[in-house]
Amino acid sequence: MDQAVTHLVDEPELLRKARWGNRKAFAELYARHADAVHALALRLTGDPAAAEDLTHDAFVKMLRFIGSVRSDRPVRPWLKKVVANAAIDRLRHEHRHLYVDTGDEGPDSELWAGPDADPSGQVDATALLQRLSPQARTLVWLHEVEGWSHTELAKRFGRTPSWSKSLLARALTRLRETLDAPSDTGPPEQEQERQQDPIEPRTHRTVR
Numbered sequence: 001m002d003q004a005v006t007h008l009v010d011e012p013e014l015l016r017k018a019r020w021g022n023r024k025a026f027a028e029l030y031a032r033h034a035d036a037v038h039a040l041a042l043r044l045t046g047d048p049a050a051a052e053d054l055t056h057d058a059f060v061k062m063l064r065f066i067g068s069v070r071s072d073r074p075v076r077p078w079l080k081k082v083v084a085n086a087a088i089d090r091l092r093h094e095h096r097h098l099y100v101d102t103g104d105e106g107p108d109s110e111l112w113a114g115p116d117a118d119p120s121g122q123v124d125a126t127a128l129l130q131r132l133s134p135q136a137r138t139l140v141w142l143h144e145v146e147g148w149s150h151t152e153l154a155k156r157f158g159r160t161p162s163w164s165k166s167l168l169a170r171a172l173t174r175l176r177e178t179l180d181a182p183s184d185t186g187p188p189e190q191e192q193e194r195q196q197d198p199i200e201p202r203t204h205r206t207v208r
């Protein structure tokens, strides 16, 4: 099949061809979904190298289990689920200290990465999320954007739904407080100089 025409083929047909070993069909599936899968991996990990690895692993897993991928459903949600689960496994491995029995509230280290995550004082949504701990950031994104339930999150993190609800509520509260906090950056540098050394008013020349 001509590569230039591949993008016109419906996804179920691409899956069928990929199951039979058609490399161009699988390459088209990759081209259609890799950016979205990588964006989610990067959002959850905050690490470009890790995001690349998770994206690669997701498509390798798809290739291995392509016979079980349902052709009557979109491929992207399946891939994003694979990446999210892998990101959670990676997070649990790297932050084992968070998985002691601390009750449903949990320690503050589960919630906040600290003010140094973005010292500028003026943050966009991405930078604001980076202020959360990796665990809280993952919960917020998967629940609020990807639509995961608290039951699903609790199962993947090995905790209870009440833990997921509590941590999510506290994370959203902290984000709102940060957004509502007045900026302490002060006036721009040039404005400060004007205040300290005001410019003398101009004298008008007499036109003769």
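Our numbering puts the last residue of the sequence shown at 208; the count rises by one with no breaks. Backbone N, C-alpha and C fix where the C-beta goes; we use that ideal spot for every residue, glycine too.
| Query | Result |
| --- | --- |
| Per the contact definition of three or more C-beta pairs closer than 8 Å, is the region 21-41 in contact with the region 75-82? | yes |
| Among the residues of its own chain, which have a CB less than 6 Å from the CB of E146, if the five just before and after it don't count? | none |
| Consult DSSP for K17 and reduce its assignment to one of helix, strand or coil. | helix |
| Give the straight-line distance between the Cα atoms of R64 and E52, rounded to the nearest whole angstrom. | 18 Å |
| L29 and L15: beta carbons closer than 9 Å? | yes |
| Here's the rule I'm using: 16 or more other beta-carbon atoms within 10 Å means buried, otherwise exposed. How should A18 be labelled? | buried |
| Which one of K155, P48, R70 has the shortest CA to CA distance from I88? | K155 |
| Determine whether the beta carbon atoms of T138 and L44 lie at a separation below 9 Å. | yes |
| Within a Cβ cutoff of 6 Å, which residues of the same chain sit near Q190, ignoring the five residues on either side of it in sequence? | Residue placement at Q190 cannot be trusted, given a pLDDT of 45 that sits under 50; the coordinates are not used to answer. |
| Can you name the start and end residues of the alpha helix (DSSP H) that I66 belongs to? | Counting along the chain, I66 falls outside any alpha helix (DSSP H), and DSSP gives it neither H nor E. |
| When burial is assigned at 16 or more other CB atoms within 10 Å of the CB, is V60 buried or exposed? | exposed |
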